[in-house]
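Taking my numbering, the leading residue of the sequence shown gets 41, the next gets one more, and so forth.
For reference, the structure discussed in these notes is given below.
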Amino acid sequence: RHMAMTSEHRPSPLERRFQGEHPLRTLKYLMLPERWRLIWGTVFYVIKHSPMWLMPLLTANVIDIIAQPEKHSSNELWWNAAVLVVILVQNPVTHYIYVCFVSRASRNVETQLRSSICRRLQQLSIGFYSRQSAGKLQSKVLRDVEAIEQLLRAFFDAGLMAVVNIVFALIVTAMRVPWFIVFYVLTVPVAAGLIILLRRRLDARNTTFRKEVEQMSARVIEMTHLIPITRAHGLESSALDRVGESLQRVRQAGLEVDEINAVFGSISWMTFNLFNMACLIIAAWAYAAGWLPITIGDVVMLTTYFSMMTGSVMVLAGTLPQISKGLEAVRSIGEVLESPDLEQNEGKAAVSAVRGEFRFEKVSFQYAGTEAHAVQDFELTVAQGETIALVGPSGAGKSTLLNLVIGYVRPTSGRIVLDGQDMCEADLRTYRRFLSVVPQESILFDGTIRENVTYGLTSVSDAVVEQALRDANAWEFVQRLPDGTKTIVGERGARLSGGQKQRLAIARALIRNPSVLVLDEATSALDTETEALIQEALERLMRGRTTFVVAHRLSTIRNANRIVVMQYGRIAEIGSHDALLAKNGLYAQLHARQAGEKPAVE
């Protein structure tokens with residue numbers, strides 16, 4: 041009966057608990073699957089970077105050979121020259137291998153992390169999205185993951201260079217002039233202390249800046265969605281003012297980040313150069329005064345190594361903003377990965393078939409943070425293939441009841457029994473394969489008509505697509521389009537009219553041959569002719585299926601088996617169209633108002 045859906049994605053190794061973890065621990069876990077690539081990348085980095093930490097030593101050797109020819113032979117000069125040539129020639133090959141290892145590892149982490157976020161977004165409850173803006177979530181998938189990828193690259197490009205320089209400078213110095221290590225020990229911690237002192241303010245500014253950028257992204261997306269309303273009412277200035285406030289806050293936060301970076305960089309540069317000068321003077325004095333058994337070459341080597349070490353500390357300081365930004369991005373992504381607001385389906389029974397028999401047993405639902413129940417003590421038994429229409433004033437609980445049927449939310453008390461099984465014990469993902477929803481506003485993506493109609497299905501023949509479009513009264517207008525079913529509909533179906541989009545939504549529902557159908561204001565805001573076409577298509581769609589309908593126009597649900605009139609979350613009346621009119625209650629009042637008649641009962 042049901043066509044094959046796309047196969048389930050295998051769970052990502054990133055799908056685990058991140059609650060309460062430090063970002064560095066989370067980052068370590070993200071990199072774990074790529075550890076061997078990163079280890080080999082590190083090995084080849086040390087080899088390819090060898091000219092930087094060997095050349096000061098070889099330069100010192102050459103200077104000593106020239107300065108003290110009586111103590112050295114010409115062969116030593118050529119041996120040092122040969123080593124220089126070898127370490128320089130190997131660099132292009134080893135650098136390429138290093139980049140291949142590290143780039144593949146960082147790109148894999150980037151892709152897997154985005155995949156994990158997208159998968160978690162599919163698992164989060166609908167309530168989560170009512171509290172989060174699309175712009176902020178988009179920023180997490182794009183900007184935050186990019187910041188983490190840049191953090192990895194900064195660590196392996198700049199950070200690894202600095203660490204290798206410092207380690208080998210200390211090793212060579214310890215071998216040649218071990219006593220000079222004391223100078224390093226006394227000066228390098230001062231530089232490290234300076235970094236730690238300024239980092240705290242840097243972290244705070246980066247956090248503020250990221251939040252302002254997220255808010256700005258949300259405002260821009262909101263502005264683009266509201267452009268038709270903005271233009272229609274001449275509110276361009278108001279829209280620009282609203283976005284402008286956010287842009288100014290981003291500007292101010294960015295300026296503060298730039299200022300603290302400027303102070304950080306200039307103080308570091310001054311301090312390190314003072315230390316470099318001190319190193320040169322002390323090494324030269326030690327040689328001239330005979331304090332240490334060093335040569336002229338050693339003076340050059342020590343000065344070069346110290347400059348390399350201080351430069352490496354400067355590099356580490358320069359990468360701190362990027363590292364700080366990357367760690368903040370890890371925290372930001374954790375807001376999604378750690379969110380407990382999940383639709384709980386794991387370990388629950390899969391639904392393999394649906395007849396469409398529902399029993400609502402004292403079902404109540406209350407949204408978090410509200411005092412009143414949206415639905416309260418709702419009791420109803422729905423037979424297979426029955427059409428139930430839900431009507432009532434705004435806020436009566438109709439949409440909430442549809443959300444309960446779809447499984448977007450679960451009852452806070454009572455239960456919904458589907459074909460004899462409590463829906464709270466069912467894997468709702470498998471249940472929804474037997475369900476189709478036609479919403480008030482059809483949601484289409486920027487693809488072809490065929491891709492939109494067959495979304496999520498595989499191996500659908502052209503004949504099946506055509507029949508679905510015919511049954512939805514859409515085939516006629518589709519044939520008139522330049523490319524037929526291959527016509528691109530544009531973002532959110534922008535190239536189609538409202539009625540055309542709605543008929544494609546009906547075709548999408550038809551092609552799935554569902555057992556349960558949910559229609560949420562499916563014919564509202566349409567002209568009379570288009571509504572007639574859609575109503576005819578809906579009648580084909582509803583035939584033989586258990587259907588729940590919310591309709592603004594009461595004339596469209598007069599043929600429902602039963603009409604449930606809701607008020608304040610409860611059932612006020614229930615019956616057929618004619619029976620409810622004869623009862624002269626709330627339904628009769630609503631019907632009279634729409635018909636422009638004076639209600640018999642107020």
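Heads up, the beta-carbon is just placed ideally off N, CA and C, and yes, glycines get one too.
Mind reading off the beta-carbon distance from residue i to residue j? Whole number of angstroms is fine, and I expect it under 8 Å.
i	j	result
Ser-476	Arg-552	5 Å
Met-349	Ile-157	The Cβ separation is near 39 Å, so there is no contact.
Ser-372	Arg-250	7 Å
Ile-456	Val-403	6 Å
Val-30	Phe-474	Nothing can be reported for residue 30, as the shown portion of the chain is limited to 41 through 642.
Val-558	Ile-446	6 Å
Ile-105	His-112	4 Å
Glu-252	Ala-293	5 Å
Considering only the alpha carbon of each residue, which of the options lies closest to residue i?
i	options	result
Ile-211	Met-341, His-112, Arg-154, Asn-148	Met-341
Val-217	Val-353, Asp-467, Lys-388, Trp-331	Trp-331
Gly-199	Ile-261, Pro-361, Phe-418	Pro-361
Val-260	Ala-244, Leu-280, His-273	Leu-280
Arg-610	Lys-68, Gly-437, Leu-94	Gly-437
Ile-528	Val-504, Ile-489, Leu-557, Val-556	Ile-489
Met-481	Asp-523, Asp-560, Thr-494	Checking the displayed sequence, the identity of residue 481 turns out to be Glu instead of Met. Ranking the options by Cα distance to Glu-481, first place goes to Asp-560.
Thr-335	Phe-517, Ala-545, Asn-101	Asn-101
Pro-73	Phe-517, Ser-146, Asp-618	Ser-146
Leu-314	Phe-485, Trp-515, Val-518, Gly-351	Gly-351
Leu-626	Arg-473, Val-431, Gly-538	Val-431
His-265	Leu-573, Arg-154, Ala-534, Gln-190	Ala-534
Met-463	Leu-444, Pro-479, Val-478, Phe-474	Leu-444
Ser-347	Pro-96, Tyr-69, Arg-602	Pro-96
Arg-282	Leu-509, Ser-257, Ala-408, Lys-111	Ser-257
Val-203	Leu-356, Asp-459, Thr-498, Gly-409	Leu-356
Met-71	Val-225, Ile-188, Leu-128	Ile-188
Asn-601	Val-129, Leu-620, Gly-294	Leu-620
Gln-542	Asn-301, Arg-450, Ala-514, Glu-262	Ala-514
Leu-128	Leu-94, Lys-111, Thr-525, Ala-632	Leu-94
Thr-82	Tyr-138, Gln-292, Leu-468	Tyr-138
Phe-400	Thr-452, Gly-435, Ser-434, Val-353	Thr-452
Trp-219	Ala-323, Pro-229, Asn-148, Tyr-471	Ala-323
Ala-512	Leu-578, Arg-469, Ser-286, Gln-130	Leu-578
With DSSP collapsed to three states, give me the class of residue i.
i	result
Ile-614	strand
Leu-621	helix
Leu-275	coil
Ala-466	strand
Ala-389	strand
Ser-113	coil
Leu-484	coil
Leu-536	coil
Leu-342	helix
Ser-476	strand
Glu-561	coil
Thr-410	coil
Gly-294	helix
Ala-436	coil
Trp-331	coil
Val-83	helix
Ala-512	coil
Arg-130	A small fix is needed here, since residue 130 is Gln in this sequence, not Arg. Gln-130 falls in the coil class under three-state DSSP.
Val-504	helix
Tyr-448	coil
His-135	helix
So what does residue i bridge to, in DSSP terms?
i	result
Gln-461	Leu-458
Met-606	Ile-611
Thr-586	Val-556
Thr-421	Arg-399
Ile-428	Phe-588, Arg-602
Phe-405	Val-415
Ile-528	Thr-488
Ser-453	Ser-404
Does the distance between the C-beta of residue i and the nearest non-hydrogen atom of the ligand NAD fall short of 8 Å?
i	result
Leu-497	You won't find the ligand NAD in this model; it holds no ligand whatsoever.
Q) Counting Cβ pairs closer than 8 Å, one from the region 359 to 366 and one from the region 185 to 205, do we hit at least three? A) yes
Q: Answer yes if the region 587 to 596 comes into contact with the region 415 to 429, meaning at least three C-beta pairs across the two stretches below 8 Å, and no otherwise.
A: yes
Q | Segment contact, 8 Å Cβ cut-off, at least three pairs: the region 269 to 287 with the region 389 to 405 | A | no
(Q) Using a Cβ distance threshold of 8 Å, determine whether the region 413 to 423 contacts the region 599 to 615, with at least three qualifying pairs required. (A) yes
Q. Contact between the region 181 to 189 and the region 139 to 154: three or more CB pairs below 8 Å?
A. yes
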